[in-house]
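What follows is a set of notes on a single structure, which appears directly below.
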Amino acid sequence: VAAALTVDTFEAVALAWLKKREASGDTAATTIAKDRWRLDTYLFPAIGSRPIAEVTPRELRDVLRPIEDSGKAETASRTKITAGQVFRWAVLEGKAEIDPTAPLRGLFTTPTPTHRAALTDPVRIGELLRAIDGYTGRLTTVTALKLAPLVFVRPGELRNAEWSEFDLDAGIWRIPAARMKMKAAHLVPLSTQAVEVLRNLHPLTGDGTLVFPAIGKSGRPMSENTVNDALRRLGYGKDEMTGHGFRSMAATRLNEMGWNADAIERQLAHAESNKVRAAYTHAAQYLEERTRMMQAWADYLDGLRSGAKVVAFKRKA
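The numbers in the sequence shown follow our numbering, run straight up by one, and end at 581.
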């Protein structure tokens with residue numbers, strides 16, 4: 265048995281583990297891709313050719329420590345997790361006796377995530393929307409500020425938006441997979457308010473490819489700092505509100521208002537790991553409900569902007 269174990273290198277077993285996960289369809293493609301990247305980048309060069317049954321906890325520690333020392337604590341933690349999954353599968357398959365990551369418990373732990381600042385109190389949201397209405401900067405910046413809370417896509421997806429992706433008559437924004445973080449096409453139902461905001465900008469940038477082109481830089485989108493810088497000029501510190509915070513704002517309020525959590529997650533284009541792959545491939549999932557939700561959300565924001573009494577609405581049946 266010992267002789268048989270030596271032919272199973274860490275790399276061979278890890279690749280077999282990846283192949284099994286791909287075949288089962290239970291793991292999101294992006295998750296598998298990230299595991300493969302960690303294996304290729306950190307683990308295969310160091311222990312890939314080693315018999316998996318002979319890898320020691322100390323040896324693995326020495327692979328992970330330089331990653332952490334280079335300032336990539338989260339990467340070190342996730343690489344340890346990936347390695348542990350490979351070793352535990354190897355144990356179950358009879359290719360190793362122990363998981364050498366077990367003694368490393370407490371080392372290379374995932375750091376506490378830093379949550380992006382966002383306003384979620386209805387009164388503060390109303391104040392922010394009124395401040396945006398009074399912003400006197402460039403029209404492209406004003407439009408980005410007004411559109412961000414209405415569509416709550418990721419900042420990169422917003423600033424790289426192309427006019428060809430929009431059907432303003434139908435009220436839909438089709439973001440191609442190549443521009444999405446999760447590499448899956450995404451549909452954004454546009455409220456009447458969002459369509460109006462875009463129509464107001466169209467005479468200025470509609471002849472070009474980009475909705476939000478950089479000033480004086482042909483073919484380049486506005487800077488990733490543009491929206492955040494505008495928020496700072498409006499008096500909102502980085503610990504209060506960010507461009508990414510419009511997503512948290514919408515997610516928090518919509519959940520509290522009783523909308524379908526799955527529809528909210530789909531509109532945020534979040535990954536649904538270990539679930540049906542439709543989460544990645546079906547951009548139209550819950551589309552009818554999401555369309556109602558996006559219009560109701562825009563109407564709700566209008567109410568907050570006008571200072572109306574805050575009443576949490578429930579989703580329509």
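In this text, a Cβ means the ideal position worked out from N, Cα and C, and glycines have one as well.
TODO: Indicate the three-state DSSP secondary structure (helix, strand or coil) for residue 523 in the structure shown.
DONE: coil
TODO: Taking the CB atoms as reference points, tell me whether residue 307 and residue 327 lie closer together than 8 Å.
DONE: yes
Task: Buried/exposed call for residue 479, threshold 16 Cβ in 10 Å - done: exposed
Task: Residue environment, residue 320, which counts as buried when at least 16 other CB atoms sit within 10 Å - done: exposed
- [ ] With residue 418 as the anchor, note down where its alpha helix (DSSP H) starts and where it stops.
- [x] Segment: none, residue 418 is in no alpha helix (DSSP H) and carries neither H nor E.
Open item on the list: Using C-beta distances below 8 Å, list every residue in its chain close to residue 445, excluding the 5 sequence neighbours before and after it, in chain order.
Closed with: 418, 420, 421, 533
- [ ] Apply the 10 Å Cβ neighbour rule to residue 597 and answer buried if 16 or more other Cβ atoms are within range, or exposed otherwise.
- [x] Absent from the structure is residue 597, since the part of the chain shown begins at 265 and ends at 581.
- [ ] Report yes or no: do the stretch 408-416 and the stretch 452-467 share at least 3 C-beta pairs separated by less than 8 Å?
- [x] yes
Open item on the list: Suppose you measure from the CA of residue 342 to the CA of residue 504; what does that come to, to the nearest Å?
Closed with: 29 Å
- [ ] Please name the residue in 485, 553, 410, 352 whose C-alpha comes closest to that of residue 522.
- [x] 553
Task: Cα-Cα separation, residue 373 to residue 324 - done: 14 Å
Task: Delimiting residues of the alpha helix (DSSP H) encompassing residue 342 - done: 337-356
Open item on the list: Please report the straight-line C-alpha distance between residue 531 and residue 297, rounded to a whole angstrom.
Closed with: 23 Å
Task: residue 553 in three-state terms, based on DSSP - done: helix
Task: Proximity of residue 393 and residue 569 at Cβ, strictly below 8 Å - done: yes
- [ ] Return the residue from the list 396, 347, 431, 454 that minimises the CA-CA distance to residue 562.
- [x] 454
Open item on the list: Would you call the stretch 384-400 in contact with the stretch 478-492, where contact means no fewer than 3 C-beta pairs closer than 8 Å?
Closed with: no
- [ ] With DSSP as the reference, please indicate the residues paired to residue 436 in a beta bridge.
- [x] 431, 453
Task: Extent of the continuous alpha helix (DSSP H) run through residue 326 - done: 321-333
Task: Which listed residue (358, 314, 510) has its alpha carbon closest to that of residue 491 - done: 510
TODO: Compute the beta-carbon to beta-carbon distance between residue 359 and residue 316, rounded to the nearest angstrom, for a pair I have assumed lies under 8 Å.
DONE: 6 Å
Task: DSSP-derived helix/strand/coil call for residue 383 - done: coil
Task: Contact set for residue 406: own chain, Cβ-Cβ below 7 Å, skip 5 residues either direction - done: 399
Open item on the list: Per DSSP, what are the beta-bridge partners of residue 273 in this structure?
Closed with: 315
Task: Cα-Cα separation between residue 335 and residue 344, rounded to whole angstroms - done: 15 Å
Task: Residues bridged to residue 477 [DSSP beta-bridge criterion] - done: 485
Task: Under 8 Å between C-beta atoms of residue 384 and residue 513 - done: yes
Task: Minimum C-alpha distance to residue 432 - residue among 408, 462, 515 - done: 462
Task: Bridge partners - residue 426, DSSP secondary structure assignment - done: 474
- [ ] Report the rounded CA-to-CA distance for residue 290 versus residue 353, giving the unit in angstroms.
- [x] 15 Å
Task: Alpha-carbon spacing of residue 349 relative to residue 331, whole angstroms - done: 19 Å
Task: Cα-Cα separation between residue 272 and residue 351, rounded to whole angstroms - done: 12 Å
TODO: Measure the Cβ-Cβ separation of residue 451 and residue 518 and say whether it is below 8 Å.
DONE: no
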